[in-house]
Structure formats: structure tokens, C-alpha cells
Amino acid sequence: MGEKCFSLSERIKILSAGTKYDSCNQTVVCHTFTPDGRCIQLYKTLMTNRCLGECLYCPNRCGREVARTSLAPDEIARITWDLYRRNAIEGLFLSSGIVGDPEKTTQKQLEVLKLLRGQGFKGYIHVRLMPGIPRDMLREVSLYANKFGVNAETTCESRYDEICPNFDYRNDILDRLKWTHEFVLKRRKEVHYGEGIVGANDTQFVVGASGEPDKEIIHTIDRFKADYGLRRPYFMSFDPVPGTPLSSNRPSPVWREARLYQVSYLLKDYGLRAKDLDIILDDKGFLPDEDPKLLLAHHNRDIFPVDVNEAPYEDLIKVPGIGPATAHRIIASRPIEGYAELASIGVVLKRARPFIKVKSRLQTRLEAFA
């Protein structure tokens with residue numbers, strides 16, 4: 001199906017659904033987390049679902065029979081304002097198909113950003129950058145957006161060449177990740193408290209589109225953290241789209257996406273490295289459908305039980321049911337007198353009890369939970 005005349009509501013629906021592989025589900029409103037940990041709602045849309053890209057998994061790939069449409073920059077600004085004033089959203093997530101070239105597409109995205117900020121919009125803006133975006137335009141995006149990033153999609157150049165044949169992994173993706181990190185750091189130095197939030201470098205992986213094992217994804221995240229300051233990887237389970245070259249491939253289970261998110265938090269918030277997680281992978285490099293932190297605890301049972309009144313922070317956060325914030329509260333509340341006190345400061349006792357002791361008391365033997 002080609003270009004035709006659609007009503008505004010039809011275009012909104014089509015372009016929101018067109019973000020299937022862009023960090024969010026297929027609804028007009030999606031959720032994201034700000035750098036301070038708040039969960040906020042964003043109006044999510046493509047600018048257009050026309051695209052010169054030939055990505056094998058994408059519903060908007062060039063040549064696929066699909067209804068094509070677009071929203072003008074002033075229309076996106078008006079819709080965003082309308083939802084914002086009705087308290088339905090706190091910001092905008094803006095992506096797009098590539099029309100003409102990355103420069104032309106980014107220019108249209110910038111029109112949206114400039115319109116909103118010029119009209120006094122103080123909400124959160126997250127922009128999905130185009131592969132191959134020019135460096136000077138990336139810098140300009142950084143002046144208006146709170147978060148911005150380009151999708152890596154997969155783990156390495158050879159896999160990327162298979163699923164995104166008309167883009168260059170090193171030039172169009174890795175160089176842009178590097179520039180994004182540079183501009184994030186620069187903006188953080190320039191933005192004063194109260195003037196806005198500048199988020200961290202982010203990217204996305206389409207899990208299972210190129211047959212990559214979880215080990216490759218985990219080690220790529222670890223490398224991107226070191227090389228590009230990556231803080232927030234997103235994951236989208238591959239789901240074959242009719243009319244694409246991968247339509248007959250097996251979908252990736254949604255639980256795999258969920259387990260990779262859990263692993264990403266262990267890398268980001270717990271100080272773990274990719275090599276620390278190799279022990280919980282199967283022989284083919286895949287995660288099982290179990291809580292990775294609990295699996296790590298069972299593989300390292302010699303360090304348990306942890307005494308909540310004596311253990312350092314680094315040992316407390318290894319306990320299932322105790323996160324970084326809760327570990328700090330435990331330390332601040334010492335001496336801890338009993339399990340009820342732990343529950344009151346946020347410890348998930350159902351998970352933590354086999355791995356801790358309080359006042360030399362141990363709930364039960366760890367082996368009983370193995």
C-alpha cells in the first residue's frame with residue numbers, strides 16, 4: 001500500500017504503531033526512566049514511516065507494502081502540547097524513518113525540537129538519532145533534547161551487515177555513539193541545576209534478529225559502557241513481521257528481553273562486568289529464564305550468609321532482595337535488630353532470608369533453597 005490521504009488520528013495511530021522496533025510498545029504513550037530514576041510517560045511517534053533503510057526485520061523497510069504517511073513538525077508540536085497540557089504525558093519520544101538522507105531527516109526532527117523549546121516546552125524530549133547523522137547536527141540536537149542516541153541493533157559489524165545492509169556499522173553507528181557520548185558530557189558541564197536534565201548515552205538491541213547469543217549482547221554492553229559511556233541499553237524482542245525477509249524466522253521470547261534488562265541493571269548499578277556473568281550462561285551462551293542475580297548468588301554461595309550488621313556495601317548488594325538504595329539504608333540504620341526492621345526499609349525478605357543473618361541468626365540453610 002502506498003501513500004494516501006489519512007486523517008490526523010489515522011496518521012497518529014499508524015506512526016505510533018510504526019515504532020515497533022524503537023524502544024517502546026505500539027501505543028501512542030510509552031514509558032521511560034529519567035536519570036534521577038523517575039518513570040515518566042512520553043508521546044511516542046515516528047515523524048514518517050517512509051524509509052530508505054532495508055533493515056531485514058523492520059516493518060517500515062524500503063519496498064515493503066505498508067501504508068505510508070507522515071506528520072509535519074508543527075503537527076507533532078501541537079499534539080505534544082495538547083497531551084502535555086492535559087497531563088497525559090511528560091514529554092516526547094521522537095523517531096523517524098530516513099527520507100532522502102540522515103541530514104534531511106534530522107533537520108525535520110530539529111524543527112520539532114526548536115518549535116517546542118521556542119514555545120516554552122519544559123517537558124522531557126528523547127530523540128532517536130539516524131544512522132549516519134552529521135556531527136554538527138548531532139551537536140545541535142544535544143542543545144534541545146534531554147536524551148538522544150543511535151540504535152546499535154546488534155553486537156558486531158558482521159551481524160549488522162546481515163540485517164542492516166545499507167548502513168555501515170563502524171561509521172554510521174559506532175562513530176555516532178562516540179560523538180553522542182562526547183556531547184552528553186559537554187552538555188552536562190554546560191547545563192546548570194534546574195535548567196534541564198541531560199541523560200546518558202543510550203542505544204537499542206533487537207534481540208534475536210541476527211541469531212546472537214546473550215553472551216555477545218552482554219559483552220557488547222560492557223564494551224559500550226567503557227568506550228561510549230553507555231548507561232541505558234534498550235532491548236526489543238525480535239518478532240517476525242510479514243512481508244520482510246525474516247518473516248519466517250522464529251520469534252525471540254519476551255522473557256529473554258526481560259532477563260537482559262535485569263543483567264543490564266547488574267552491569268550499571270552493581271559494578272559487575274560481563275565476565276562475572278559468564279558463569280550463569282548455558283553452553284551456547286544464553287541466559288536461562290531465571291533471575292540472574294539469584295543465579296549468581298547460588299553460584300557464589302560461599303560468601304553467604306551475609307551479616308547485615310557487619311557486611312560492607314559491596315557484599316550487601318550481592319544479596320537477592322537487596323538493591324543499592326536498600327543497602328545504603330541498611331548501613332545507615334545499623335544496628336539492625338530483626339527481620340521486621342529489614343522489611344520496613346525495603347528488603348524483600350522472601351528473597352533475602354536464605355542469604356543473610358541478623359544478630360547471628362540465620363533463617364534456614366542456604367542449601368534448602370538451591
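For the sequence shown, UniProt numbering puts the final residue at 370, and the numbers step up evenly by one.
In this text, a Cβ means the ideal position worked out from N, Cα and C, and glycines have one as well.
Please read all numbers here as calculations on a predicted model, not as lab measurements.
D202 sits away from K275, with the two beta carbons spaced by 8 Å or more.
Assigned with DSSP and collapsed to three states, S252 falls in coil, not helix or strand. Between the stretch 220 to 232 and the stretch 67 to 77, the count of C-beta pairs closer than 8 Å stays below three; the two stretches do not touch. About 13 Å separates the beta carbons of G321 and L296, which is beyond the 8 Å limit, so they are not a contact pair. Distance from the CA atom of V207 to the CA atom of R259, rounded to whole angstroms, is 11 Å. Judged by their CB atoms, L92 and R128 are not nearer to each other than the 8 Å cut-off.
As for any alpha helix (DSSP H) of minimum length 4 sitting wholly inside the stretch 70 to 102, the runs are 73 to 85, ordered along the chain. Considering only K186, S210, T180 and L185, the residue with the shortest C-alpha distance to C164 is S210.
Shown here, K359 sits in coil according to DSSP, grouped into three states, outside any helix or strand.
Separation of T326 and P213 (C-alpha to C-alpha, rounded to the nearest whole angstrom) is 32 Å. D289 and F205 have their C-alpha atoms roughly 19 Å apart.
Within the model, the alpha-carbon separation for L267 versus A352 is close to 20 Å.
Less than 8 Å divides the Cβ of I133 from the Cβ of R176. Minimum Cα-Cα distance from L56 among the listed residues N49, R64 and R231 corresponds to R64.
At the C-beta level, Y234 and K178 stay beyond 8 Å of one another. Residue nearest to A145 within the set T106, R170 and L174 is T106 (criterion: CA-CA distance). Distance between K357 and Y313, taken at the CA atoms: about 15 Å. Each of N60, P240 and T244 was checked against the Cα of P253, and the nearest Cα belongs to P240.
For a cut-off of 8 Å, the C-beta gap from L116 to V141 is around 13 Å, too long to register as a contact. The beta carbons of T180 and R61 sit about 24 Å from each other, so the pair does not count as a contact at 8 Å. I89 and E216 have their C-alpha atoms spaced approximately 36 Å apart. In the three-state DSSP reduction, E190 falls in the helix class (H, G or I). Secondary structure at S210: coil, using DSSP grouped into helix, strand and coil. For D291, the closest of A311, V319, D315 and Y160 by C-alpha to C-alpha distance is V319. Annotation: C5 to T48 spans about 14 Å, alpha carbon to alpha carbon. Looking from the CA of I12, the closest CA among A67, I40, P242 and E190 belongs to A67. Rounded to whole angstroms, the Cβ separation of T19 and K44 is 6 Å, and the two are in contact under 8 Å. In this model, D168 and S247 are separated by some 23 Å (Cα to Cα). Rounded to whole angstroms, the separation of the alpha carbons of L342 and L294 is 19 Å. Under the DSSP assignment, R231 falls outside any alpha helix (DSSP H), being part of the beta strand (DSSP E) whose first and last residues are L230 to S237.
The beta carbons of V28 and Q41 sit no closer together than 8 Å. Straight across, the Cα-Cα distance linking A17 with I173 is about 24 Å. Spatial neighbours of M130 in its own chain (CB-CB distance under 6 Å, excluding positions within 5 residues in sequence) are listed in chain order as I98, P102, T105 and T106. When secondary structure is reduced to three states using DSSP, G149 falls in the strand class.
Taking C-beta atoms as the reference points, A152 and V112 fail to come closer than 8 Å. Taking a C-beta distance under 8 Å as the contact criterion, R256 and L287 qualify as a contact pair.
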